[in-house]
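Engineer:
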Amino acid sequence: MEEIIEQLREANEPVPVPLELPDEDLLVEIEEQLFIDIPFVFKEFLLTVSDVVYGSLEPVTVTDPQSHTYLPDVAANAWDAGVDRSLIPICQDGDDYYCVEEDGTVVLWQADEELIAEETWESVWHWARDVWLES
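The opening position of the sequence shown corresponds to residue 3 in this note's numbering, with each subsequent residue numbered one higher.
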């Protein structure tokens with residue numbers, strides 16, 4: 003995990019208005035808005051690297067309600083599109099969504115098939131290494 007955080011920090015692209023990292027209290031508010039618990043490993047991700055801007059993928063953020071990556075809005079759109087309500091989207095990719103399951107596993111929900119792809123990632127950190135850093 004530390005190695006992936008370091009890689010993301012090094013890859014972080016400068017932007018005119020940098021994102022802020024959330025605190026634990028904000029994550030509690032987000033959970034209340036979603037009516038679902040955020041898995042621990044995904045909380046860690048949000049607390050440590052949700053301010054990173056890199057590559058072609060834009061993982062969800064929680065500090066700016068006006069952002070197109072704001073988790074409650076992305077989740078509402080994903081659930082409206084057919085993503086199971088037990089999944090929390092971590093990143094939209096076109097019409098597809100990378101989502102985290104209750105146990106922290108990351109899956110890809112494919113819109114055209116309205117189902118979860120076979121490939122999974124053990125955690126959001128594995129997804130960040132294998133997918134986000136490669137985007």
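For glycine and all other residues, C-beta sits at the position ideal for the given N, C-alpha and C.
Check each candidate in 40, 72 and 23 and name the one with the smallest Cα separation from residue 50.
Structural biologist: As a working note, residue 50 is residue 48 in the sequence shown. Per the Cα distances, 23.
Engineer: Check the DSSP bridge columns for residue 118 and list the partner residues they point to.
Structural biologist: Numbered from its first residue, the sequence shown carries residue 118 at position 116. Per DSSP, 111.
Engineer: Can you list, in chain order, the residues of its chain whose CB lies under 6 angstroms from that of residue 109, leaving out five sequence neighbours each side?
Structural biologist: Within the sequence shown, numbered from 1, the residue matching residue 109 stands at position 107. Excluding residues within five positions, the ones whose Cβ falls inside 6 angstroms are 101, 118 and 122.
Engineer: With DSSP as the reference, identify every bridge partner of residue 16, one or two as the case may be.
Structural biologist: Residue mapping note: residue 16 aligns to position 14 of the sequence shown, counting from 1. Its beta-bridge partners do not exist; DSSP assigns none.
Engineer: Going by DSSP in three states, residue 200 sits in which element: helix, strand or coil?
Structural biologist: The structure shown does not extend to residue 200, since the chain spans only 3 to 137, so no value can be given for it.
Engineer: Can at least three beta-carbon pairs, one atom from the segment 3-21 and one from the segment 81-100, be found at a separation below 8 angstroms?
Structural biologist: no
Engineer: Can you tell me whether residue 65 is helix, strand or coil according to DSSP?
Structural biologist: The residue you call residue 65 lines up with position 63 of the sequence shown. Three-state result, residue 65: coil.
Engineer: Go to residue 126, then tell me how far its alpha helix (DSSP H) extends in each direction, as first and last residue.
Structural biologist: Numbered from 1 along the sequence shown, position 124 holds the residue referred to as residue 126. In the DSSP assignment, residue 126 falls within the alpha helix (DSSP H) that extends over 126-129.
Engineer: Hey, quick one: how far does the alpha helix (DSSP H) through residue 85 stretch, first residue to last?
Structural biologist: For the purposes of this step, residue 85 is identified with residue 83 of the sequence shown, where counting begins at 1. Run containing residue 85: none; DSSP gives neither H nor E here.
Engineer: When the Cβ atoms of the segment 26-38 are set against those of the segment 5-17, are three or more pairs found closer than 8 angstroms?
Structural biologist: With the rule of 3 Cβ pairs closer than 8 angstroms, the segment 26-38 does not count as touching the segment 5-17.
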